[in-house]
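Novice: First residue of the sequence shown: 195, per this note's numbering; consecutive thereafter.
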Amino acid sequence: MLYALVRLRTLLAKVGTGPGPVVLGHPAERRLALAVLGFGPAVHRAAAGRAPHELVAYGFSLAGELSRFYVECPVGSETDLGVKASRVAICRATEGVLARVLELLGCEVPAAM
Numbered sequence: 195m196l197y198a199l200v201r202l203r204t205l206l207a208k209v210g211t212g213p214g215p216v217v218l219g220h221p222a223e224r225r226l227a228l229a230v231l232g233f234g235p236a237v238h239r240a241a242a243g244r245a246p247h248e249l250v251a252y253g254f255s256l257a258g259e260l261s262r263f264y265v266e267c268p269v270g271s272e273t274d275l276g277v278k279a280s281r282v283a284i285c286r287a288t289e290g291v292l293a294r295v296l297e298l299l300g301c302e303v304p305a306a307m
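1) Would you mind reading off the limits of the alpha helix (DSSP H) that contains Leu296?
2) Classify Ser271: buried if its beta carbon has 16 or more other beta carbons within 10 angstroms, exposed otherwise.
3) Can you give the beta carbon distance from Ala203 to Glu289, rounded, assuming they're within the 8 Å contact cut?
4) Output the distance between the C-alpha atoms of Tyr316 and Lys278, rounded to the nearest integer angstrom.
5) Mind pulling the beta strand (DSSP E) runs of 3 or more residues that sit fully within the segment 215 to 282?
6) Does DSSP classify Thr204 as helix, strand or coil?
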């Protein structure tokens, strides 16, 4: 999870495009967006069951979806600016959720790895 978040922050710092409207035109974009939406239920399960491992499992799953997204959906090299802005928006949402998961678990995120 730490590596995924640091890698994502590095990508977002280099991409040079702001976020735009999200268009889920590729299956990997849809899978990642749905994984991001699973954050609330994961937190609820972890809190209700006093089971922090639920949050850990969710974070690892989200990091895995992010890795698949990287492979299937280029962000930095995307030439269509609308698609690129949409992917940046998905990445920013993922960044926020991964950061919050790690914060809830008490982990500090290094600037680089």
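By construction, the Cβ of each residue, glycine as well, lies at the ideal position given by its N, Cα and C atoms.
Specialist: Reading from the atomic positions:
1) Leu275 to Leu298
2) exposed
3) Residue identity check: residue 203 is Arg in the sequence provided, not Ala. With 8 Å as the limit, Arg203 and Glu289 qualify as a contact, their Cβ atoms being about 6 Å apart.
4) There is no way to answer for residue 316, as the model of the chain reaches only from 195 to 307.
5) none
6) helix
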